Amino acid sequence: PAEQIAEELGEVKRGKTVPILGGSPSDEPTPPQRPPPRSVFETHIWNPASPPAASSHLPSSVSHSLTLALTRYLQYIRRSHWETDQVGIEEICDFLFQFPVYKLVLGTFEWDDAQSWVEKNLGPVLGSMPTLKTLVLDSYTLSHNILQALSEPRRTHSGNQVGKVLNLKNIEFFRAKVRNGGAGLRSLLESRVHSIQRLVLGGTIEHESLAWSSIQESDEVVDWLKKNIYNICLVRADRGAPDIMRTLLELQLELWDE
14 PAEQIAEELG EVKRGKTVPI LGGSPSDEPT PPQRPPPRSV FETHIWNPAS PPAASSHLPS
74 SVSHSLTLAL TRYLQYIRRS HWETDQVGIE EICDFLFQFP VYKLVLGTFE WDDAQSWVEK
134 NLGPVLGSMP TLKTLVLDSY TLSHNILQAL SEPRRTHSGN QVGKVLNLKN IEFFRAKVRN
194 GGAGLRSLLE SRVHSIQRLV LGGTIEHESL AWSSIQESDE VVDWLKKNIY NICLVRADRG
254 APDIMRTLLE LQLELWDE
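Its first residue numbered 14, the sequence shown is counted upward by one per residue in this note's numbering.
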């Protein structure tokens, strides 16, 4: 039966069932023909004003290994099929605080103002995820604001609820633009705010000559990273983060086919 298969897949692929917070305009609001198996949680959670116990939708098998990918549509509340209202970062963070997020993905979806939104809101978003251990950023310039948000000691909270101090273990930068020879990235890691065990890095780097080139093994900052990070993985400059939407679709199809 589908429910049993879902439970088994939840154990085997527990990190691969990925709700996309914010969804997309074409995803809502038509209900499925039949409810999904209880071990697969909702793909899209559109509304930060949805039921308060949103985390109750999650299966126990993924309760501590949840991966979330944020899209720009998280900024809106759907009032009806035709009407939406924009919400502020505080409402978004109160909503996110409900979820046991292990991995956060930003940047794998079309989002025109992604750079400015993340520069402004990355700190509060991180502050709403007490269980977060892995951060994935795809196609961002590692600006002062982004690195500063990562460098500041941060105690997670939502309203009057106070969580533990955020401590990332893994950071993945895909298609990144690294300024000033990687000085800012080095300062982030030297701050020891997070106990970084694994760093994935790919993209382009700005040299003293102000020229840009793909990040290479021979770059000075890479040599420093190898000496100071337990596990560093360099990837091609044009390689993006794994396509988690496709992984989710494949998993859902397997379940529905059964």
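Every residue, glycine too, gets a C-beta built ideally from N, C-alpha and C.
Quick caveat: nothing in here was measured; it's all calculated off a predicted structure.
Judged by beta-carbon spacing, threonine 97 lies within the 8 Å limit of isoleucine 90, meaning their Cβ atoms are closer than that value. By the 16-neighbour rule on beta-carbons within 10 angstroms, tyrosine 153 is buried.
For the set Asp107, Asn244, Arg168 and Leu160, the Cα lying nearest the Cα of lysine 177 is the one of Arg168. In this chain, the beta strand (DSSP E) harbouring valine 149 covers 147-151.
Going by DSSP, alanine 82 is part of the beta strand (DSSP E) stretching over 79-83.
Cβ neighbours of arginine 192 within its own chain (closer than 6 Å, five residues either side excluded): Glu219.
Rounded to whole angstroms, the separation of the alpha carbons of cysteine 106 and proline 143 is 11 Å. Here DSSP, grouped into helix, strand and coil, assigns alanine 189 to strand. With contacts defined as CB atoms closer than 8 Å, alanine 189 and leucine 214 qualify as a contacting pair. The beta carbon of cysteine 246 sits closer than 6 Å to those of Val213, all from its chain and outside the five residues before and after it, given in chain order. DSSP places glutamine 99 within a strand segment (E or B) once states are collapsed to three. Here serine 141 is buried. Its C-beta has 16 or more other C-beta atoms within 10 Å. In the DSSP assignment, lysine 239 falls within the unbroken alpha helix (DSSP H) covering 233-241.
Beta-bridge pairing by DSSP links glutamate 230 to no other residue. Cβ contact annotation for alanine 127 (same chain, cutoff 8 Å, sequence separation greater than five): Arg85, Leu119, Gly120, Ser152 and Tyr153, in chain order. Taking the C-beta atoms as reference points, lysine 116 is found nearer than 8 Å to threonine 80.
Between isoleucine 184 and leucine 148, the beta carbon gap of about 5 Å places them in contact (Cβ cut-off 8 Å).
In this structure, serine 204 sits near serine 164, with a CB-CB distance shorter than 8 Å. With a cutoff of 8 Å on beta-carbon distance, asparagine 244 and arginine 211 are scored as near each other. Beta-bridge partners assigned by DSSP to threonine 217: Lys190 and Ser227. Look at lysine 182 here: in three-state DSSP terms it is coil, with no helix or strand label.
Annotation for valine 131: Leu119, Tyr153 and Ile159 place their beta carbon closer than 7 Å to its own, counting only its chain and skipping 5 residues before and after. At a Cβ-Cβ threshold of 8 Å, serine 231 and threonine 217 do not count as neighbours. The beta-carbon distance between proline 166 and valine 138, rounded to whole angstroms, is 16 Å. This is too long to meet the 8 Å contact definition.
Counting along the chain, the unbroken beta strand (DSSP E) around isoleucine 245 starts and ends at 244-247. DSSP lists no bridge partner for isoleucine 105.
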